Amino acid sequence: VDFKRGTFRVRGDTVDIYPAYEQFGYQVEFFGDEIEAVRLINPTTGEALSSTDQAFIFPAVHYIVDENVVENAIGQIKRELQSCVIDLKNQGKLLEAQRLGARTKYDIEMMREVGYCPGIENYSRYLDARKPGEKPYTLLDYFPDDFLLIIDESHVTIPQIRAMFNGDQARKRVLIEHGFRLPSALDNRPLKYDEFEQAMNNVVFVSATPSDYELELAGGEVVEQIIRPTGLIDPPVEVRPATGQVADLLREIAKRNKAGQRTLITTVTKRLSEDLAEYIRQEGFRCKYLHSEIDTLERVEILNELRQGKFDVLIGVNLLREGLDLPEVSLVAILDADKEGFLRSATSLIQTIGRCARNVDAQVYLYADRVTGAMAKAMSETTRRREAQLAYNKAHGITPQTIKKEIRNALAEQTHARQIARDAMGASSDEAFDRTEILAELEREMLAAAEGLEFEKAARLRDRIEELKTSDADEPADTKENWKQGSGQIGNSQ
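This is the structure in C-alpha cells:
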C-alpha cells in the first residue's frame, strides 16, 4: 500500500495514519472497539518513535467532494448559467448578465483547480444531487428517529426558526435579481418550519414564559420549576409614576449602593440607554450601558465588572432578559413600562423581572402612567409564583438565601482556550508567549477603537491590558505554573 501524506492504512487491528502536515505518522492499535495504544511512527520504516496519550488529527483537505461529483455539478451550473444570462439580456440587464457570467465562471475555475470556491455552499443543490426545492441536509439527519430535542428559551427560539427561511429567501432573491447568484442558490437555505417540525418526535420546550404554541403542542404535559433549591422567591413588583421616574430611580440606586448591591435598568431605545447612562454618571454613580453593538466577549466583561462592583448600574434595551445570572442585582427598573410593543410584552416583562430573582432583597419597579394588559398579566403571573414559593418555604421551614456564585474571568478563559488550541497544534506551551500574543491583539483593538473615536471601548481595552500586565508581574510562581495548565486566573476574580 502506498503510504503517503494524507492517507491511512488498516492492517488487522492496527490503523496507521500519515497526516498531511506532520513529519511522522500515528499508529493506533485497537482491541475490538477500544484503543489499546497510540504511537508516533516513522512513516517510511514503520518504526515506533514514542507513545502518546492523545493525538490531534486534522483533515488532509477542507473539502472532500469526489471529482466526478464536482464535474457533474459544473455541467449543471454551466447550463443554468447559460439560461440565466439569456434571460437577463432579454430583460435589458446587461450589467447583471456580465456580472453573473464572470462570477460564476470564476467559481467554476476555482472548483476545478482546488476543489472549492468562496461561497461554494450556493451550489449545494448540484453537489448534493438534490431536486429544486428539496429539503437540504442538516445535522438533524444524523440523529436517530427517537432522539430527544431540547429547545432552550423556546419562546424566542421558535419564532427565530420560523423566520429563518423567509429572511434567507428575501436576501437571496435580491442577489439573484442583481446578478450576484444563480437562482439555484435559493436551495442553499435553512429548513422551513414544517420541515423542522418533522424532526420533533420527542421534544422538550424549556422556557419561563412559553407561548400558546408550546403549551398546545405539549398537550397539557407541563412541568413547572417554580420552587428554587435556595428558597428564593420571585421579586415583588411595584408600579410607580412615569413622571419624575429618573429622579425616583436615582434615590433607589443610592439605597442599593449603600447596601453593596447592583441595579439593572431597561429602556425602550438604544439612544435612551446611552443618554440615561451619561446622566446617571454625571450624578455621581458608576454606570455603563449594554446593547447589541457591543461584541460578545466585551458583554461578558461588562457583566463581570458589574458583579465585581467596578460599577453599580447597568442599562440595556433587549439584552437584559434571558439567561443573565446576576446574584448581586437587587433592583430591576423598567422605564416606560406602559409603552406597548415587543419590548414591553408580558413575556418580555416576566423575563426582565426574573433578572433579580437570585437576590433575597430583590425588588422590581415598573415606571408607568397606566397599567397595560401586558403589565397586568406579568404582575399576575409573578404574584402566582410568589404565593406558591412562599407557601412551600413556610411548609418546609426554608429561609431564602441569596445565591453565591463564582465570578468567572473572561480574559483568563480566553487565554485558557488559546492554550488548548496551541496544544492541539503542537505549538509552544510557554505562557509568556501566549500572554504577549493576547496583549498585542488587545493593543491593536484599542488603537483601532481610538481611531474610530470609540473612546469608551478603547478605555475598556486599556484597562484589560493593564489588568493582564499587572497579573503577570504579581503572580507567585505556583500560580504561573497553574496558568500553564490552564487553571490560572487573571485580575481580581472572586
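Each residue of the sequence shown is one higher than the one before, counting from 1 in our numbering. C-beta: ideal position from N, C-alpha, C; glycine also. Keep in mind it's a predicted model, so treat the numbers as computed, not measured.
> Among all the DSSP beta bridges, which residues are the ones paired with L149?
Replying inline: L149 has V203 as its beta-bridge partners, per DSSP.
>> Please report the distance separating the alpha-carbon of N72 from that of N90.
In response: 28 Å
> Leaving out the 5 sequence neighbours to the left and right, which residues in its chain are closer than 8 Å to E456 when beta-carbon positions are compared?
Replying inline: If the five residues before and after E456 are omitted, its C-beta is found closer than 8 Å to no C-beta atom of its own chain.
>> Could you compute how far the alpha carbon of E96 sits from the alpha carbon of V70?
In response: 26 Å
> Shortest alpha-carbon distance to T45 belongs to which of M375, L272, S51, K4?
Replying inline: K4
>> Distance check for Q282 and L349, CA to CA, integer angstroms please.
In response: Rounded to whole angstroms, L349 to Q282 spans 29 Å at the Cα level.
> Hey, quick one: how far does the alpha helix (DSSP H) through D168 stretch, first residue to last?
Replying inline: 154-177
> Is S380 near the ligand COA, with its Cβ less than 7 Å from a heavy atom?
Replying inline: Within the structure as shown, the ligand COA is missing, as the structure has no ligands at all.
>> Buried or exposed for M498, going by 16 or more other Cβ atoms inside 10 Å?
In response: This structure does not reach residue 498, given that the chain is present from 1 up to 494, and the question cannot be answered.
> Based on Cα-Cα distance, which residue from A333, R103, L264 lies nearest to I120?
Replying inline: The residue with the shortest Cα to Cα distance from I120 is R103.
> Does the Cβ-Cβ distance between D338 and M379 come in under 8 Å?
Replying inline: no
>> Would L127 and V65 qualify as a contact pair, given that the criterion is a beta-carbon distance under 8 Å?
In response: yes
> Where does V364 fall in DSSP's three states?
Replying inline: strand
>> Quick test of your reading: S207 and E153, contact by CB under 8 Å. State the CB separation rounded to the nearest angstrom.
In response: 6 Å
> T266: which of P236, Q225, Y289 sits nearest, CA to CA?
Replying inline: Y289
> What's the C-alpha gap between V239 and G373?
Replying inline: 13 Å
> Starting from G101 and walking both ways along the alpha helix (DSSP H), at which residues does that stretch end?
Replying inline: 94-114
> CB-CB under 6 Å to E450, same chain, minus the five flanking residues each way: which ones, in chain order?
Replying inline: First, the amino acid is wrong: residue 450 is Ala here, not Glu. Only A458 meet the Cβ criterion.
> T263: which of Q23, L331, E467, Q160 sits nearest, CA to CA?
Replying inline: Ranking the options by Cα distance to T263, first place goes to L331.
> By how many angstroms is the C-alpha of P118 removed from the C-alpha of I57?
Replying inline: 25 Å
>> I'd like the ranges of any beta strand (DSSP E) spanning at least 3 consecutive residues and lying wholly in the segment 290-336.
In response: Taking only runs of at least 3 residues, the beta strand (DSSP E) segments lying wholly in the segment 290-336 are 313-316, 329-334.
> Taking just the CA atoms, how far does L149 sit from D13?
Replying inline: Cα to Cα, the separation comes out at about 36 Å.
> DSSP beta-bridge partners for F30?
Replying inline: I35
>> Tell me the rounded alpha-carbon separation between P241 and I403.
In response: In a straight line, the C-alpha of P241 is about 31 Å away from that of I403.
> Helix or strand or just coil, what does DSSP make of D16?
Replying inline: strand
> Are any of the Cβ atoms in chain D nearer than 8 Å to that of R11?
Replying inline: Absent from the structure is chain D; it holds one protein chain and no more.
> In this structure, does DSSP put C287 in helix, strand or coil?
Replying inline: strand
> Below 8 Å, can you find three or more Cβ-Cβ pairs linking the segment 158-172 to the segment 186-199?
Replying inline: yes
> When the Cβ atoms of the segment 36-50 are set against those of the segment 16-26, are three or more pairs found closer than 8 Å?
Replying inline: yes
> With DSSP run on the structure shown, which of helix, strand or coil describes L232?
Replying inline: coil
> By a C-beta neighbour count over all protein chains shown, 10 Å radius and 16 as the cutoff for buried, is S429 buried or exposed?
Replying inline: Residue placement at S429 cannot be trusted, given a pLDDT of 47 that sits under 50; the coordinates are not used to answer.
> Are the CB atoms of T269 and V317 nearer to each other than 8 Å?
Replying inline: Yes. Within cutoff.
>> Here's the rule I'm using: 16 or more other beta-carbon atoms within 10 Å means buried, otherwise exposed. How should G354 be labelled?
In response: buried
> Using CA coordinates, which residue listed in E177, G220, P236, L49 is at the minimum distance from D87?
Replying inline: E177
> Which class does E238 belong to by DSSP, given the choice of helix, strand or coil?
Replying inline: strand
>> So, at 8 Å on beta carbons, what are the nonlocal neighbours of G6 in its own chain, with the 5 sequence-adjacent residues on each side left out?
In response: Y18, P19, A20, A60, V61
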